[in-house]
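Step one of this worksheet: look at the structure below.
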Amino acid sequence: MAPRIEQLSFLIVDDYADMRGVLRNMLQSFGVTDIDSVANGREAIAHIESKRYDVILCDYNLGDGRDGQQILEEVRARKLIGVSSIFVMITAENTLLMVMGAVEYEPDSYLTKPFTKDLLAQRLERLLSKKSDLREIEQAIDGRDYERANELLDQRIAENPRNLNEFIKLKAELALKAGAYDQAEAIYSGVLAQREIAWARMGIGKAYYGNRRYAEAAQVFQGLIDGNERFMVAYDWLARTQQALDEPEAAQKVLEAATAHSAKAVVRQRALGELALRNRDEKVAERAFSQAIRLGRHSIYKHPSIYANLARVKAVTSSGDAAMMVLRDLKKAYKGDKEASLYAAMTEAVIQEDMDHGERARKCMVEAHELYKELGTQAAPELALDMARTCNRMGETGRASELLHQAVKNNHSDELFLKEVGATMGDLGLAEDPHAMIAGITKEIVRLNNRGVELAKLGKLDQAMLLFEEAVNGMPGNKVVNLNAARIFMLHMNETGIEPELIAKVRDYLERVRQMDAEDRTLHKMQRMLNQLLQK
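Take the sequence shown: its letters are residues 8 to 543, numbered as in my numbering.
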């Protein structure tokens, strides 16, 4: 049974005190007593961090600082609100740009000012009816107990409720996240057999993509765009698929079309800039990176690489001095951030070299090497590519090759990233046949993993431990190897008893994976396994 409006907790986000008062009065007339209100994005995030709200009523335009879209994208990205929470976007502006920006990040609904108390109540009642059955499932998902979440979903689906599609959609999304692409495809196909629904068609495309059926996925995404040129997420997935098909120019055109319809997405502008840079289209790259910086000033999706890439472009289209001004903005925006400092040092080294400031360029490279070493396994995979390109440009070809080989070892199961590594090797002339080299390394790592798992099955845990410990030392940034090592060490202690030194190693392996991918499902299984072991 859905809770009544008066039982819910509300957060009102609006920069006008009068509007906050109007909304508060409306809610109080419904019998609501748990109401907080804030005037800006910074206060909104702070409140949502400290309290789980049932409903957030958020104005789109909040003056300086974060706007409503940026609040929504941050709370979704950081999982500060769950699937049963209600986020309603409120706007006084009916322009296409504003509406597209809000809808793109999927609020549960939006209201255009002015609206009546009755309309607000009607909208909330409808959303409550839709969301109420998701609370227990949300708790399971929040606790990363996906088996329990799927059990609950199966129960509700079997009951054939009025909001059946809500449960089916969530079950399919969990299957996609788990990498169970065949299962997801079957679920979406079942929905489409009843009637054509855009989210189910989109899900089919994602399942095809996950199964590397890229040509079929591209057809699905293109079909969605042909049916609705405002279906923005389909553009993003089509561009991603075209990159997987080695069609970067076509992918750039798709993202250019997308930004023409909806220019406010930081992630899309960054992706367009990176594609244009790869395609040596400096004009488009400069425009996209500039937009991403402007839009991302208060966004969770801002990133130091955007500044670094804009500086690289400015060095080509304008001057070294113009590029250095961008790097100064980077250092100011990310003061004290090691990753940002690394991007700044790498980029400045090349710019200073091009400006014939050799001594300064060498100092920047020394700094870059130190920062890269300090980041260790916390360094994102793409940083290895940027660092390799910089080393090669500065004449350190041996180090560039070493970085790319290590990148393959640390990410052997990431097919698309390996394509990027191969392309980088080819561009830099560091391998005659990059794909053969990458395939050889990958095959050896798979063989090593399989050998370790086989040893464990045969009960030869000591040998398996030695094998995986050696593998982790050689591939500290490899998720699969770290997780397998943690599992083997725990299986050993399950038989022989707790050893503090081995527990410390297991925690170290799991922490490395957490820093690389906190949402990895195997990681959470291993963490539960560790907790059970320690409770014995």
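Ideal Cβ positions, reconstructed from N, Cα and C, are used throughout, including at glycine.
On the criterion of 16 or more Cβ atoms from any shown chain inside 10 Å, does residue 276 qualify as buried, or is it exposed? buried
Compare the Cα-Cα distances from residue 231 to each of 71, 137, 210, 498 and report the closest residue. 210
Rounded C-alpha distance that separates residue 188 from residue 216: 9 Å
CA-to-CA distance, residue 454 to residue 117, given in whole angstroms: 53 Å
Alpha carbon to alpha carbon, how far is residue 205 from residue 258? 22 Å
Here's the rule: buried if 16 or more other CB atoms are within 10 angstroms of the residue's CB, otherwise exposed. What is residue 503? exposed
Within the continuous beta strand (DSSP E) that includes residue 119, where are the two ends? 116-119
According to DSSP, is residue 91 helix, strand or coil? coil
Could you spell out where the alpha helix (DSSP H) holding residue 408 opens and where it closes? 404-417
Once DSSP output is grouped into helix, strand and coil, what is the label at residue 44? strand
In angstroms with no decimal places, state the Cα-to-Cα distance between residue 12 and residue 98. 22 Å
Just how far apart, CA to CA, sit residue 228 and residue 249? 11 Å
Please identify the residue among 377, 423, 219, 364 whose C-alpha is closest to the C-alpha of residue 389. 423
Which word fits residue 40, buried or exposed, when buried means at least 16 other C-beta atoms lie within 10 angstroms of its C-beta? exposed
Distance, Cα to Cα, residue 359 vs residue 305? 30 Å
May I ask you to report which of helix, strand or coil DSSP gives residue 123? coil
Flag this pair as yes or no: are the beta carbons of residue 283 and residue 274 separated by less than 8 Å? no
Helix, strand or coil for residue 97 per DSSP? strand
Look at the alpha carbon of residue 403 and the alpha carbon of residue 443, and state the distance between them as a whole number of angstroms. 23 Å
Drop a sphere of 10 angstroms on the beta-carbon of residue 355, count the other beta-carbons inside from all chains shown, and report buried for 16 or more, exposed for fewer. buried
Between residue 336 and residue 314, how many whole angstroms is the CB-CB distance? I'm expecting something under 8 Å. 6 Å
Tell me the rounded alpha-carbon separation between residue 181 and residue 517. 22 Å
Runs of alpha helix (DSSP H) lying entirely within the segment 442-508, each at least 4 residues, in chain order: 468-481, 486-503
Within 10 Å of its beta-carbon, does residue 486 have 16 or more other beta-carbons around it, so buried, or fewer, so exposed? buried
Three-state secondary structure (DSSP) of residue 307: coil
Nearest-angstrom Cα distance between residue 376 and residue 145? 44 Å
Would you call the CB atoms of residue 317 and residue 271 closer than 8 Å? no
Nonlocal neighbours in the same chain, by C-beta distance under 7 Å from residue 578, ignoring five residues either side: The structure shown does not extend to residue 578, since the chain is modelled only from 8 through 543, so no value can be given for it.
Residue 63 by DSSP, collapsed to three states: which one? strand
In three-state terms, what does DSSP make of residue 12? helix
When DSSP labels each residue in this structure, what does residue 204 get in the three-state scheme? coil
Once the 5 residues before and after residue 493 are set aside, which same chain residues still bring their CB inside 7 Å of it? 513, 516, 517, 533
Comparing the C-beta of residue 339 with each C-beta of chain D, is any distance below 8 Å? Looking for chain D here will not work: only one protein chain is present.
In the DSSP assignment, find the alpha helix (DSSP H) that holds residue 36 and state where it starts and stops. 24-36
Give the straight-line distance between the Cα atoms of residue 111 and residue 267, rounded to the nearest whole angstrom. Annotation note: pLDDT 49 at residue 111 (below 50); position unreliable, coordinate value reported separately. In a straight line, the C-alpha of residue 111 is about 14 Å away from that of residue 267.
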